[in-house]
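One structure below.
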Amino acid sequence: MTRLPAPADAMTRLRATPVAVALIALLSAACETRELPPASVAGGAAAAPAEGTPAAAFVEAAWKPPTEAEIPNDSLGASIRRGLALLRFTPESLPQYAQSGLRCTSCHQNDGLKATAAPLTGSHARYPKYMPRAGAVVAMTDRINYCFTRSMAGRALPTDSREMEDLLAYMAWLSKGVPVGTNIAGAAGLIAMKDTLVGDSARGEAVFTRSCAVCHQADGSGNGPIPPLWGAKSYSIGASMSREERAASFIWHNMPQNNPGTLTPQEAFDVAAFVNSHPRPDSPGKEGDWPTGGAPKDVPYPTKGHTPTRTPARLLPRKPDGTIVPAPAPVGRGATPSAGYN
Ligand code: HEC
Ligand code: HEC
């Protein structure tokens with residue numbers, strides 16, 4: 003089998019000779035001719051849509067994410083499938099980047115489809131977007147890397163890697179048909195809890211022993227595909243799940259896995275407080291979150307203008323390369339070029 007040179011290489015080599023330059027000019031001229039809109043070629047406007055006709059309106063209620071069975075059997079389909087496999091088997095596939103006991107699907111349940119578990123459906127259509135925690139406009143690759151470094155307590159995946167492309171291919175697949183800029187349900191992540199209650203860690207311990215320890219183990223370390231809830235292999239303090247209200251929402255809607263919907267909102271806050279009172283990996287650089295202030299009340303570390311009401315008992319140190327991904331540097335006249343943030 004011969005390997006075709008990458009298109010970029012071929013162009014570079016061709017450009018080297020004057021003949022090639024002429025050839026390229028000829029080719030592009032040919033392309034231009036071929037690309038004339040059919041209406042002009044045919045000399046009539048019948049085939050073209052009438053000017054000003056609005057595109058079919060997007061109806062969220064009628065939209066459904068495409069199913070796994072619909073993934074095409076072509077190169078793009080292969081990339082989408084690899085992206086899905088990375089989501090399901092993150093530490094197994096990317097041991098250098100995801101060293102915790104969590105998979106993307108530990109939180110983004112049902113392959114990112116579950117509405118109550120920070121759904122990834124429609125996500126691709128929401129980026130780039132301004133994120134108050136970062137205080138910057140972030141791209142989807144940055145957002146994915148926030149989960150790698152914070153939720154997975156791992157390392158940022160290089161943004162130009164095959165694996166990142168595959169994750170993006172899967173994300174785009176889950177947003178098929180959603181117009182860019184549309185915020186469908188789930189855009190705010192976990193569903194906000196109606197009542198902002200205050201969790202009681204002692205009461206939470208009783209809930210944990212009764213309803214959670216059977217799977218997550220008495221020491222919270224998890225068991226095979228059942229992820230840990232605290233300790234070195236759990237999510238870091240910089241993860242949304244470290245916030246009491248965010249964790250209470252996830253737990254109230256989705257846990258106990260074998261009997262969801264059986265906890266009262268107060269019990270969910272109590273057990274969230276208990277889980278988050280334990281040691282977990284640190285997120286060096288977290289103090290820079292919400293750089294313009296306005297951190298939500300339950301953020302468990304100090305940020306600009308915010309004093310936390312409770313923090314985990316102890317933070318486990320991280321290697322320097324486990325530092326959270328900084329927000330993209332502002333670009334403007336006179337800005338110093340960024341050194342990259344992988
Ligand atoms: C510990 C739980 C957890 C894990 C593990 C996790 N995430 Fe997340 N992720 C969240 C939560 C929670 C949110 C939403 C933030 C919120 O609700 O405040 C989120 C948000 C996202 C978003 C943004 C969604 C949107 O539309 O704005 C993307 C993309 C994402 N995660 C991808 C991933 C990928 C890829 C992985 C695996 C490498 C992963 N996450 C692992 C908890 C997790
Ligand atoms: C029947 C087993 C089972 C029980 C009981 C259970 N869980 Fe889970 N839990 C899981 C599994 C499995 C996942 C990973 C999600 C998945 O694979 O769908 C998970 C995920 C989680 C997560 C997000 C991922 C992580 O590890 O941070 C949290 C938080 C959580 N459970 C908390 C609880 C709490 C609190 C209780 C008790 C109220 C509980 N769970 C009861 C099986 C269980």
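Residue numbers (our numbering): 3 to 344.
Glycine included, C-beta positions come from ideal geometry on N, C-alpha and C.
By alpha-carbon positions, which one of the options ends up nearest to residue i?
i, options, result
"Thr184", "Lys288, Ala315, Lys131", "Lys131"
"Gly156", "Gly226, Gly295, Ala241, Ala136", "Ala241"
"Pro67", "Arg205, Trp175, Thr313, Asp323", "Trp175"
"Pro328", "Pro304, Lys299, Ser285", "Ser285"
"Arg152", "Asn256, Ser203, Met243, Thr294", "Met243"
"Phe91", "Pro330, Pro227, Glu62, Thr311", "Pro227"
"Cys106", "His308, Asn260, Tyr172", "Tyr172"
"Asn147", "His308, Thr309, Ala100, Ala80", "Ala100"
"Arg312", "Ala127, Asp144, Ser203", "Ser203"
"Ser223", "Val273, Ala64, Ser102", "Ser102"
"Ala187", "Pro121, Thr211, Ala208", "Pro121"
"Ile82", "Asn112, Ala138, Arg164", "Arg164"
"Thr198", "Ala249, Pro230, Met166", "Ala249"
"Leu192", "Leu86, Pro160, Ala58, Gly114", "Gly114"
"Glu167", "Gly79, Asn112, Trp292", "Gly79"
"Gly137", "Pro293, Pro302, Pro314, Thr309", "Pro293"
"Pro319", "Val139, Gly179, Ser238", "Ser238"
"Thr264", "Ala141, Ala297, Arg212", "Arg212"
"Ala64", "Gly179, Asn260, Gly233", "Gly179"
"Cys109", "Asn256, Pro330, Ile326", "Asn256"
"Pro330", "Ser236, Asn225, Pro134", "Pro134"
"Met154", "Thr161, Arg145, Glu72", "Arg145"
"Ile253", "Asp323, Ala194, Asp221", "Ala194"
"Leu104", "Lys235, Glu62, Asp291", "Lys235"
For ligand 1, is there a heavy atom less than 6 angstroms away from the beta-carbon of residue i?
i, result
"Thr92", "yes"
"Gly201", "no"
"Ser108", "yes"
"Ala329", "no"
"Ser125", "yes"
"Ser242", "yes"
"Ser153", "yes"
"Gly233", "no"
"Gly191", "yes"
"Arg248", "yes"
"Ile82", "no"
With 16 as the cutoff for other CB atoms within 10 Å, does residue i come out buried or exposed?
i, result
"Arg316", "exposed"
"Glu70", "exposed"
"Ser42", "Here Ser42 scores only 40 on pLDDT, less than 50, and its place in the model should not be relied on; the value that follows carries that caveat. By the 10 Å Cβ count, Ser42 comes out exposed."
"Glu269", "buried"
"Leu88", "buried"
"Ala44", "A caution first: Ala44 carries a pLDDT of 40, below 50, which makes its placement in the model unreliable, though a value can still be read off. Flag for Ala44 reads exposed."
"Val182", "exposed"
"Ser77", "exposed"
"Ala49", "Only weak support is given to the placement of Ala49: the predicted model assigns it a pLDDT of 47, under 50, and the value that follows is read from those uncertain coordinates. Ala49 is exposed by the Cβ-count criterion."
"Phe150", "buried"
"Ala158", "buried"
"Thr309", "exposed"
"Gln98", "exposed"
"Ala32", "With a pLDDT of 43 at Ala32, under the threshold of 50, the modelled position of that residue is not reliable, and the figure given next carries that caveat. By the 10 Å Cβ count, Ala32 comes out exposed."
"Pro74", "exposed"
"Asp221", "exposed"
"Ile26", "Its pLDDT being 43, under 50, Ile26 is placed unreliably by the model, and the measurement read from it follows with that caveat. Exposed, since its Cβ has fewer than 16 Cβ neighbours within 10 Å."
Ligand 2 and residue i: does any heavy atom of the ligand fall closer than 6 angstroms to the residue's C-beta?
i, result
"Val139", "no"
"Pro258", "yes"
"Leu115", "no"
"Ile253", "yes"
"Ser177", "no"
"Ile228", "yes"
"Ser2", "Here the chain has residues from 3 to 344 only, and residue 2 is not among them."
"Gln111", "yes"
"Cys149", "no"
"Val273", "yes"
"Ser213", "yes"
Since residue i and residue j should fall inside the 8 angstroms C-beta cutoff, what is the C-beta to C-beta distance between them, to a whole number of angstroms?
i, j, result
"Ser177", "Ser125", "6 angstroms"
"Glu247", "Ala275", "Contact doesn't hold; Cβ gap of about 10 angstroms is too wide."
"Cys214", "Pro258", "6 angstroms"
"Gly295", "Lys288", "Not confirmed; about 15 angstroms, so no contact."
"Asp272", "Arg205", "4 angstroms"
"Asn278", "Pro314", "6 angstroms"
"Ala141", "Tyr129", "6 angstroms"
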